[in-house]
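Read the structure below first, then the notes.
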């Protein structure tokens with residue numbers, strides 16, 4: 020394995036100091052609404068989120084950011100940031116993506132002009148955009164960068180589900196393993212989505228995330 024790929028994988032792990040472990044990706048909201056009660060419910064929800072949210076917004080944005088970074092096209096990176104910002108309707112989801120992206124940006128390689136735009140609050144630095152840029156600058160292929168992002172997202176959701184529901188470690192790892200083939204196919208599909216086609220429709224997830232903002236008790240920030 021190339022050292023650069025190792026470094027990219029390291030940044031997608033929940034141990035990396037971005038605070039990813041403190042976000043549930045909407046699962047806590049769905050659990051509070053009574054929509055998730057069992058391990059089977061959690062697995063179905065995670066697969067839906069990956070296929071219809073991550074695969075329609077974050078993964079394509081990651082791939083498009085990789086292309087833009089290779090071309091040194093900072094304007095396109097900022098445009099992608101704006102599109103992702105507009106498409107993440109729940110405030111918690113939007114702020115989580117910004118926070119994770121900005122924390123990642125402080126540590127990984129980036130284009131100086133893009134970093135300056137972020138520091139001046141002229142672009143939000145969403146996690147998918149920063150990850151795509153980082154992969155490109157490390158010389159990692161677009162597909163591998165997108166796969167690394169997909170794995171980090173999937174692993175984070177599974178880890179959150181284990182804290183919220185009776186989902187044991189062995190079953191969680193078996194589920195992650197099954198997701199591998201699904202996500203490889205999803206990455207290929209996401210790679211064909213252009214900036215004008217970004218978007219998804221998961222109203223239950225959005226509503227649960229919005230209600231989570233005012234929950235009296237919670238384990239996760241989002």
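Residue numbers (our numbering): 20 to 241. Positions of the beta carbon are idealized from the N, C-alpha and C atoms, including for glycine.
| Asked | Found |
| --- | --- |
| Beta-carbon proximity of residue 173 to residue 156, cut-off 7 angstroms | no |
| Reduced DSSP category for residue 234 - H, G, I as helix; E, B as strand; rest coil | coil |
| Where residue 76 falls: helix, strand or coil (DSSP) | helix |
| Collapsed DSSP secondary structure at residue 43 in the structure displayed | coil |
| Closest residue to residue 61 among 237, 194, 29 (Cα-Cα distance) | 194 |
| Cα-Cα separation, residue 207 to residue 50 | 31 angstroms |
| CB contact flag (residue 216, residue 82, <7 angstroms) | no |
| Cβ-based burial, residue 126 [other Cβ within 10 Å; buried from 16] | exposed |
| Rounded distance between the beta-carbons of residue 239 and residue 43, thought under 8 angstroms | 4 angstroms |
| Residue closest to residue 168, alpha-carbon to alpha-carbon, out of 90, 222, 229, 116 | 116 |
| Exposure of residue 77, with buried meaning 16 or more beta-carbon neighbours within 10 Å | buried |
| 7 angstroms Cβ cutoff met for residue 124 and residue 144 | yes |
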